[in-house]
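Its first residue numbered 0, the sequence shown is counted upward by one per residue in numbering that gives the first Met the number 0.
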Amino acid sequence: MLINISSGIAVGMMNFIIPVYALSLNATSSEIGLIKGFSGIGDVLFVLPAGLIVDYLGSRKTYSVSCICSAAVIMLLSLAATSKFILFTMLFYGVSKTFRMTALSADFFNNMNTIGIKRAGWYKGSMTIGASLIGPMLGGIAVTAFSFKSYFLLTGAILLIPFMVINAASKNEISSHVKTQNHSLIDSSNHYKSLTKNKTLVSATIKNGLNTAFFMTFTVFITVMVIKDLGLSPGIAAALISIKGVSTLLVAFFGGAYLQKNNNKLYLFAYITTILSLLLLGNGTDTIQLGLASLINGAGTGLITLINFTEVGSLDGEKGKITGFFSFGNGAGAIIGPMLGGIIADLYGVQAIFLAFIIPFSALAIHTFISGKRIVSENISKLPENVEENTVG
């Protein structure tokens with residue numbers, strides 16, 4: 000959790016500063032979406048190899064190296080003077096973040112049985128503390144107190160904190176090693192193919208992709224809307240991101256007690272809640288409405304994430320490869336969400352982005368409702384005839 004919080008702070012500061020920095024360089028909404036989307040290319044191209052490397056080398060070694068590389072890339076951004084340079088650098092930032100997050104997630108899934116299902120949300124909860132609460136708040140303060148160059152240097156230095164935590168506590172084994180595997184690349188390829196047949200994993204990956212697409216888009220364009228459209232300070236944008244983070248945090252830490260074997264009803268509740276928040280975000284005109292929308296949205300999307308991670312963590316198999324497959328949704332969402340969001344913003348305005356997200360979330364809600372009805376029907380059909388009559392009666 001300490002590792003997650005400290006690394007999450009750096010992630011939150013980066014998510015906040017990139018659109019602010021791009022706006023200062025007169026970037027358009029499409030260019031800002033492209034910049035943010037480029038960080039997701041690393042997930043798509045390298046997340047599966049990252050899963051293999053974690054299984055072969057272990058979480059600690061993979062995380063340590065990627066942590067140093069991420070810090071170096073962030074510090075390199077302090078030299079950026081054009082939006083094209085930011086675009087190019089964000090690609091490498093995404094690659095290094097992919098290895099870092101895959102190592103963390105694999106270690107969490109590997110210890111899922113020890114942690115327990117009621118504390119399944121602690122992993123994302125601790126990341127949320129850093130990425131969506133402390134990070135944006137600290138970023139909102141730092142952007143007014145420091146230059147952009149100093150901001151990036153500070154963020155890179157913060158990302159080295161978890162690296163020092165890991166090495167300082169290595170004797171206590173705070174991050175368990177994944178046992179080295181000797182499988183060939185062909186075996187690994189076949190293993191990934193077999194994972195495509197796992198309906199739970201595929202479904203969770205799709206939902207995770209949509210959730211990530213919205214999260215990345217929200218953190219970028221809520222900032223653009225507040226600064227560019229509403230003419231407010233970056234601190235307001237940071238506050239809205241933090242409000243969403245607080246709500247997600249509460250769900251992550253306390254929502255585990257409500258998880259069940261069949262979470263269709265919880266999923267449906269989460270989708271409806273998210274859709275309601277999107278309506279508010281798409282039509283809100285003042286900070287109170289946007290703050291309420293952010294609070295509701297954090298609860299809805301946080302619940303989706305909690306269920307997703309719990310279901311994937313309960314799957315049997317090599318956690319590095321499972322995490323790599325699951326994280327593929329992160330990369331796809333991180334690319335598609337901000338890029339499409341930027342195009343929509345240029346054509347119809349920033350608020351239209353949030354209204355557009357109602358469509359995929361509604362599709363998932365309808366699918367979940369139909370699936371729930373089918374499961375109930377199948378369960379009733381399996382009952383003995385006399386029990387079925389009593390059930391119907």
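We treat Cβ as the ideally placed atom computed from N, Cα and C, and that holds for glycine.
Spatial neighbours of residue i in its chain, beta-carbon cut-off 8 Å, leaving aside the 5 residues before and after
i                 : result
phenylalanine 145 : Leu153
Beta carbon of residue i nearer than 8 Å to that of residue j
i                 : j                 : result
leucine 1         : cysteine 66       : no
isoleucine 52     : phenylalanine 151 : no
glycine 312       : glycine 50        : no
threonine 218     : asparagine 14     : yes
alanine 130       : valine 225        : no
isoleucine 34     : serine 82         : yes
threonine 199     : leucine 314       : yes
leucine 289       : glycine 283       : yes
methionine 338    : glycine 93        : no
glycine 120       : leucine 209       : no
leucine 279       : leucine 291       : yes
isoleucine 334    : glycine 36        : yes
arginine 118      : glycine 255       : yes
serine 28         : valine 223        : yes
glycine 155       : alanine 79        : no
phenylalanine 108 : leucine 194       : no
lysine 227        : leucine 354       : no
isoleucine 165    : serine 95         : no
DSSP three-state assignment for residue i, whether helix, strand or coil
i                 : result
asparagine 110    : coil
threonine 127     : helix
methionine 356    : Sequence check: residue 356 is phenylalanine here, not methionine. Coil at phenylalanine 356, not helix or strand.
phenylalanine 15  : helix
methionine 224    : helix
leucine 314       : coil
aspartate 345     : helix
glycine 281       : helix
phenylalanine 147 : helix
threonine 195     : coil
asparagine 479    : A question about residue 479 goes unanswered here, because the residues of the chain that appear run from 0 up to 392.
valine 177        : The pLDDT assigned to valine 177 is 44, lower than 50, so where the model puts this residue is not dependable; a value taken from the coordinates is nonetheless given after this. Three-state DSSP puts valine 177 in coil, outside helix and strand.
leucine 302       : helix
alanine 26        : coil
glycine 290       : helix
glycine 115       : coil
glycine 134       : helix
glycine 120       : coil
Cβ shell of residue i (< 6 Å), same chain only, five flanking positions each side left out
i             : result
glutamate 317 : Asp54
serine 5      : Ile160, Pro161
glycine 230   : none
alanine 141   : Tyr150
glycine 336   : Ala212, Met215, Thr216
alanine 26    : Ser82
proline 135   : Gly11, Phe15, Ala237, Ile240, Ser241
Contacts around residue i, its chain only, beta-carbon distance under 7 Å, and the 5 residues preceding and following it disregarded
i                 : result
phenylalanine 220 : Gly340, Ala344, Val349, Ile352
leucine 248       : Gly124, Thr127, Ile128, Leu132
threonine 272     : Ile295, Ala298, Gly299
serine 104        : Thr322, Ser326
leucine 24        : Thr81, Ser82
isoleucine 306    : Leu258, Asn262, Leu265, Tyr266
leucine 75        : Thr88
Residue-level contact to chain C via CB, residue i, 8 Å cutoff
i              : result
isoleucine 321 : Here there is only one protein chain, and chain C is not present.
*asked:* Between the segment 354-367 and the segment 225-243, can you find at least three pairs of beta-carbon atoms closer than 8 Å?
replied: no
*Does the count of Cβ pairs from the segment 76-93 and the segment 123-134 closer than 8 Å reach three?*
no
_Assess contact between the segment 201-209 and the segment 317-333, defined as three or more Cβ pairs (one per stretch) separated by less than 8 Å. Is contact present?_
yes
*asked:* When you compare the segment 238-251 with the segment 33-46, are there three or more beta-carbon pairs, one atom per stretch, that lie closer than 8 Å?
replied: no
_Cβ pair count under 8 Å reaching 3, the segment 264-278 against the segment 78-87_ = no
_Going residue by residue through the segment 29-110, where are the continuous alpha helix (DSSP H) segments of at least 4 residues, counting only ones entirely within it?_
58-75, 82-109
*Any chance you could list the alpha helix (DSSP H) runs of at least 4 consecutive residues sitting entirely within the segment 227-277, in chain order?*
233-253
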